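Mapped onto my numbering, the consecutive letters of the sequence shown carry residue numbers 2 to 226. Using N, Cα and C, we set each Cβ at its ideal position, and we do this for glycine too. All values reported here derive from a predicted model rather than from experimental measurement. One structure below.
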Amino acid sequence: MVEDFKTTEAWRIFRIQAELIDGIETMRNLGPGPAVTVFGSARTQPDSPYYMAAVLVAEKLSKHGISVITGGGPGIMEAANRGCFRHGGHSIGLNVDLPFEQRSNDYQNVSLTFRYFFVRKLMFVKYADAIIIFPGGFGTLDELFEALTLVQTRKMPKVPIILFGSTYWAGLKQWLAHTVLGEASISRSDLDLMEIEDDPDRVVARVLRFMEDHKQLCFIDAQME
């Protein structure tokens, strides 16, 4: 039996290439303005303080002409898209095909769906001028440590990596400082690659300060609240 070329490993390369081209062209066509990627749990409910904080952070960022990139699903992703969308900003959802949890939220004006996790993850970091990470599970932790690794190894520019929610994240940072650093598996300076915040206003101010310092931000007749 002759193998169908479209079922071979070689054919998969073309599918990957198509996703890369579609993602890069779509994101590039949004223009040169700054963007922030927001990560967090798909399971967070709308009555959660973290959901409401994500809405507020994205809303304030969009008022300054900053696009918001999420995974396009429910929970924190929906919250961030929602805050941006209702203020007319570029609310970008980078969805992925999954057997459960992932469904596209209704607050995206730019939406892409990926088959391959690694292509989607490339889009998250390639176009991010800052990364904000709300509480989440394995996927969120994966995205956090990928961002930290890319910055640590200088494969991406050093951008703010902000963990929202000290109650949730303090134990992780303590483990890194005591156990991982204690075993000399990281350097002390690596701990400074991330910061923890509890106040949406302080998160937004940190992002704006970084963008101003790096001359990446063009304001749109908005002032910080």
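| E144, enclosing alpha helix (DSSP H) - first and last residue | As a first step, residue 144 must be located in the sequence shown, where it is residue number 143. It spans 139-153 - the alpha helix (DSSP H) in which E144 sits, taken as one unbroken run.
| field | Nearest candidate by alpha-carbon position, reference Q175, set R155, V160, M157, E196 | value | The count along the sequence shown starts at 1 and reaches residue 175 at position 174. Taking only the C-alpha atoms, the option nearest Q175 is E196.
| task | Taking A19 and I70 to be in contact with their CB atoms under 8 Å, please state how far apart those CB atoms are, rounded to whole angstroms. | result | As a working note, residue 19 is residue 18 in the sequence shown. As a working note, residue 70 is residue 69 in the sequence shown. In fact, because the Cβ distance is near 20 Å, the residues do not count as touching under 8 Å.
| message | In the DSSP output, which residue or residues are listed as bridge partners for E198? | response | Mapped onto the sequence shown, residue 198 falls at position 197. Paired residue(s): F165.
| field | Nearest candidate by alpha-carbon position, reference I77, set T27, A55, G172 | value | Within the sequence shown, numbered from 1, the residue matching residue 77 stands at position 76. Cα-wise, what sits closest to I77 is A55.
| query | Would DSSP call N110 helix, strand or coil? | reply | Against the sequence shown, residue 110 aligns to sequence position 109. The answer is coil: DSSP assigns N110 none of H, G, I, E or B.
| query | On the three-state DSSP scale, how would you describe S186? | reply | To locate residue 186, count along the sequence shown from 1; it is residue 185. The answer is coil: DSSP assigns S186 none of H, G, I, E or B.
| query | Nearest CA to the CA of S167: which residue from F86, P50, F118? | reply | Taking the first residue of the sequence shown as 1, we reach residue 167 at position 166. The shortest CA-to-CA distance from S167 to any of F86, P50, F118 is the one to P50.
| Same chain only: Cβ atoms within 6 Å of R121, ignoring 5 sequence neighbours per side | In the sequence shown, the residue the question calls residue 121 occupies position 120. Within its own chain, the residues whose Cβ lies closer than 6 Å to the Cβ of R121, once the five positions on either side in sequence are excluded, are L95, V97, F115, listed in chain order.
| message | Taking 7 Å as the limit between beta carbons, can you name the residues of its chain near G137, skipping five residues before and five after? | response | Taking the first residue of the sequence shown as position 1, residue 137 is located at position 136. So the list reads F40, G41, S42, I77, once near-sequence residues are dropped.
| request: Take V1 and list the residues in its own chain whose beta-carbon comes closer than 8 Å to its own, dropping the five residues that flank it on each side. | output: The displayed coordinates of the chain run from 2 to 226. Any statement about residue 1 would go beyond what the structure contains.
| task | Report all residues from its chain with a CB closer than 7 Å to the CB of A129; omit the five preceding and five following residues, and keep chain order. | result | Stepping through the sequence shown from its first residue, residue 129 is reached at position 128. A36, V37, T38, I70, V160.
| task | Report buried or exposed for T180, applying the criterion of at least 16 other Cβ atoms within 10 angstroms of its Cβ. | result | On the sequence shown, residue 180 is found 179 positions in, with the first residue counted as 1. That one is exposed.
| Which residues does DSSP pair with L31 in a beta bridge? | Your numbering for residue 31 matches position 30 in the sequence shown. According to DSSP, which records beta bridges pairwise, L31 is partnered with nothing at all.
| What's the C-alpha gap between A59 and N82? | Here residue 59 is taken as the residue at index 58 of the sequence shown, counted from 1. Here residue 82 is taken as the residue at index 81 of the sequence shown, counted from 1. Their Cα atoms are separated by approximately 7 Å.
| said: Let's see if you can read the secondary structure: which residues bound the beta strand (DSSP E) around V39? | reply: As a working mapping, residue 39 is identified with position 38 in the sequence shown. Annotation: the continuous beta strand (DSSP E) that includes V39 extends over 36-40.
| query | For F135 versus F165, is the C-beta spacing smaller than 8 Å? | reply | Taking the sequence shown and counting its residues from 1, the one referred to as residue 135 is at position 134. Taking the sequence shown and counting its residues from 1, the one referred to as residue 165 is at position 164. Yes, these two residues count as a Cβ contact at 8 Å.
| query | Under the rule that 16 or more other beta-carbon atoms within 10 Å means buried, what is I14, buried or exposed? | reply | Here residue 14 is taken as the residue at index 13 of the sequence shown, counted from 1. By the neighbour-count rule (16 or more Cβ atoms within 10 Å), I14 is not buried but exposed.
| field | Spatial distance of K156 from G74 (CA atoms) | value | As a first step, residue 156 must be located in the sequence shown, where it is residue number 155. As a first step, residue 74 must be located in the sequence shown, where it is residue number 73. About 27 Å.
| request: Closer than 7 Å by C-beta to A148: which residues in its own chain qualify, once you throw out the five before and the five after it? Chain order, please. | output: Reading the sequence shown from its first residue, position 147 is the one you call residue 148. Once the five neighbours on either side are set aside, the close Cβ partners of A148 are V126, I132, I162.
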